[in-house]
Amino acid sequence: MPSSFDMTRRAALNFLAAAPVLANASTASAAPVAPSFAVTTPIHIHSVSLRVRDLEKMTYFYNAIIGLDVLGAEPDRTALGKDGRTLVTLIRHVDDDVDDASTAGLYHTAFLMPSRQDLGRWLIMAYMNGIPFTGFSDHRVSEALYLNDPEGNGIEVYADRPHQGWQWVDNRVVMGSQQLDLDNLVAGLPDDSDLPYSAPSGFRIGHIHMRVGDTRLAQDFYVKATGLDLTALIPNESAAFFSNGRYHHHVGANIWHSRNAGQRPQNMSGLEDAAFSIEPALMDGLRRRLRAHGTDIKETGSTLEALDPWGTRIRFISG
């Protein structure tokens, strides 16, 4: 790498504000790649929808920096995704209150790169263009970069380590939060920094992390009602992690800023809904569990919709 790309002294922690970017027109998809483990389990993340105050600015960001293709654009919403699959829908609500971290809602959307090299290439692009980061972490099961979108919604961009090497103890996955070796992550990669950036084929949302008022209530909902497994629990129960099919986590839930939060305000920017893909054979069991849990459900076609304990819309899409 050129000497000007100085990650050794953690220069990325002191990035300046992001430079203006231009939107990227929808691009032709590259040849399909093998899907990441995260999206091969019977239940996994499908997409998220965000309420946004500035649709144009947010579209530019998710298109030109995160690298999603614009799949559909209307005056009040934009659908973005990869390989023809919608991953993020932005919905214009110009009069919304600004999202408040003390409320229940979205902690971050986690975009999963198909390979470690893809993550390194994206890091170089972001660094060279002055994109501000909020942190970096080696989680043992994955390597992760953290930032916020222009309206403060948290984002993780990450790559998994091979799942065959993850350590499990008593059906709990061993994760951590250690210093990420940024130099190793970018070693040997070209210093490409062109904007707009286009994410590689196979780019998906691997997990979502939620702000909740109580992690025990989160466990009750995601385990008993939706049928996910508890895969990790921080000892003081400030965060819990859930998945299907022995992925490290499809859902995280924490109370780091939102302890005892009540119902999420309806007219607030941020998360509108989170959607899971679910195999059709599992829908009857999901329906029974939600009803037994006392959760109201609404069904439209192949989609089942419920509210979590904080009023956030959670959708399950069969197929």
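For the sequence shown, numbering that gives the first Met the number 0 begins at 0 and goes up steadily by one.
Every residue, glycine too, gets a C-beta built ideally from N, C-alpha and C.
Judging by CA-CA distance, which residue of G80, F202, L144 and F240 is the nearest neighbour of T230?
F240
Residues bridged to R263 (per DSSP):
Answer by DSSP bridge pairing: none, since R263 is not bridged.
Among W121, G205, P131 and I277, nearest to P195 - alpha-carbon criterion:
Checking every option, the nearest Cα to that of P195 belongs to W121.
Could you tell me which residues DSSP pairs with E55 in its beta bridges?
According to DSSP, E55 bridges with nothing at all.
So within the stretch 197-225, which uninterrupted beta strand (DSSP E) runs reach at least 3 residues, ignoring any that extend past its ends?
203-210
Mark D307 as exposed unless 16 or more other C-beta atoms lie within 10 angstroms of its C-beta, in which case mark it buried.
buried
Note down the Cα distance separating G300 from F315, rounded to an integer number of angstroms.
11 Å
Cross-strand partners of Y157 (DSSP beta bridge)
Per DSSP, L111 and A143.
Just tell me which of F132, M174, L179 and T40 has its CA closest to the CA of N243.
T40
Would you decide whether A27 is buried or exposed? Buried here means 16 or more other CB atoms lie within 10 Å of its CB.
Any reading at A27 must be qualified, since the residue scores a pLDDT of 39, below 50, and its modelled position is unreliable; no value is offered.
Within its chain, find whatever has a CB closer than 8 Å to the CB of P74; leave out the 5 residues flanking it on each side and keep chain order.
R91
Relative to the alpha-carbon of S46, which residue among A238, Y221, G129 and V87 has its alpha-carbon at the smallest distance?
V87
Quick one: using the 10 Å Cβ neighbour count with 16 as the cut-off for buried, is G119 buried or exposed?
buried
Using the DSSP secondary-structure output, state which residues sit across from V172 in a beta bridge.
W167
For G310, which residues in the same chain have their Cβ closer than 6 Å to its Cβ, ignoring the five residues on either side in sequence?
Q262 and R263
Can you tell me where the beta strand (DSSP E) with A72 in it begins and where it stops?
D68 to E73
Based on Cα-Cα distance, which residue from Q265, N253, P131 and V222 lies nearest to G284?
V222
May I have a chain-ordered list of the beta strand (DSSP E) segments no shorter than 3 residues that lie completely inside the stretch 285-316?
296-299 and 302-306
Report the partner residues of D96 according to the DSSP bridge assignment.
D96 is bridged to M267.
For the beta strand (DSSP E) holding N253, just list the boundary residues, first then last.
V250 to N253
Suppose you measure from the CA of T294 to the CA of A143; what does that come to, to the nearest Å?
Cα-Cα distance, rounded: 34 Å.
How would you call N152, buried or exposed, if buried means at least 16 neighbouring beta carbons within 10 angstroms?
buried
Among the candidates R50, E155, A260 and I254, whose CA atom is the shortest distance from the CA of N235?
I254
Classify A256: buried if its beta carbon has 16 or more other beta carbons within 10 angstroms, exposed otherwise.
Rather than Ala, the amino acid found at residue 256 in this sequence is His. Label assigned to H256: exposed.
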